[in-house]
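Q:
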């Protein structure tokens, strides 16, 4: 799912569009595997138990499957949908962050309001080429965006957009610093 182009202003162009790094899906996938293994063992035990009647086996099988489906929905499908519906977008005019499945939230930061851009990543993040991007705008507290893939490249690109914006503003001034 790409970022909806109808949310862009006329003439605005997407420079970069990212979803969170895939590392945020490792724990949900591991939980899914564990839940599947436990459900498989429970189903195997239920179906081979000689001490239960066929009616009890059927009900236990249904209960195990329903619990497994609920666990899969909560610990795998929900994080996958959340990952898929989270967008970090840099355009030539602003930084856009949107997230949420049913209830959506977001923030837009105009490029010209950004004061500082920094990134952070530890050893594991460096190996996975991900990290946290921190943007400080003119009037707000710094905003942190975690799990940005290839965070150093995003940082450099965003900084380049800041420089391009400043160059565009400087074109409006004469050499003495007066507005043309």
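Numbering (UniProt numbering), first residue to last: 1 to 180. Even glycine gets a Cβ: it sits at the ideal position worked out from N, Cα and C.
So, with DSSP's three-state summary, where would you put residue 114?
A: strand
Q: Provide the residue span of the beta strand (DSSP E) that contains residue 147, from first to last.
A: 143 to 149
Q: Applying the 10 Å Cβ sphere with the 16-neighbour rule, what's the burial state of residue 147?
A: Classification of residue 147: buried, given that the 10 Å Cβ count is 16 or more.
Q: By Cβ distance below 6 Å, which residues in the same chain neighbour residue 24 in space, the five residues on each side in sequence not counted?
A: Excluding the 5 residues flanking it on each side, residue 24 has same chain C-beta neighbours closer than 6 Å at 147, in chain order.
Q: Beta-carbon within less than 8 Å of residue 49's beta-carbon, same chain only, minus the 5 sequence neighbours each way: which residues are those?
A: 57
Q: Do the stretch 62 to 70 and the stretch 35 to 44 make contact, defined as three or more Cβ pairs closer than 8 Å?
A: yes
Q: Suppose you measure from the CA of residue 115 to the CA of residue 84; what does that come to, to the nearest Å?
A: 29 Å
Q: Please confirm whether residue 76 and residue 32 have their CB atoms less than 7 Å apart.
A: yes
Q: Run through DSSP, which three-state label would residue 139 get?
A: coil
Q: So, residue 199 versus residue 154, is the Cβ gap smaller than 7 Å?
A: An answer regarding residue 199 cannot be provided, because it is not within the stretch 1 to 180 covered by the chain.
Q: So what does DSSP say about residue 101, is it helix, strand or coil?
A: coil
Q: Are the CB atoms of residue 165 and residue 101 nearer to each other than 7 Å?
A: In this structure, residue 165 keeps its C-beta atom at 7 Å or more from the C-beta atom of residue 101.
Q: Note down the Cα distance separating residue 35 from residue 71, rounded to an integer number of angstroms.
A: In a straight line, the C-alpha of residue 35 is about 7 Å away from that of residue 71.
Q: Hey, is residue 150's beta-carbon within less than 7 Å of any beta-carbon in chain D?
A: Although the question refers to chain D, the structure presented lacks it and comprises just one protein chain.
Q: Can you list, in chain order, the residues of its chain whose CB lies under 7 Å from that of residue 125, leaving out five sequence neighbours each side?
A: 131
Q: Suppose you measure from the CA of residue 139 to the CA of residue 103; what does that come to, to the nearest Å?
A: 26 Å
Q: What is the DSSP secondary structure of residue 130, reduced to helix, strand or coil?
A: Residue state, collapsed to three classes: strand.
Q: What do you get for residue 210, buried or exposed, if any count of 16 or more other CB atoms within 10 angstroms of its CB means buried?
A: Residue 210 cannot be examined here, being either before or after the span of the chain that is shown, 1 to 180.
Q: Give the DSSP-derived three-state secondary structure of residue 84 in the structure shown.
A: helix
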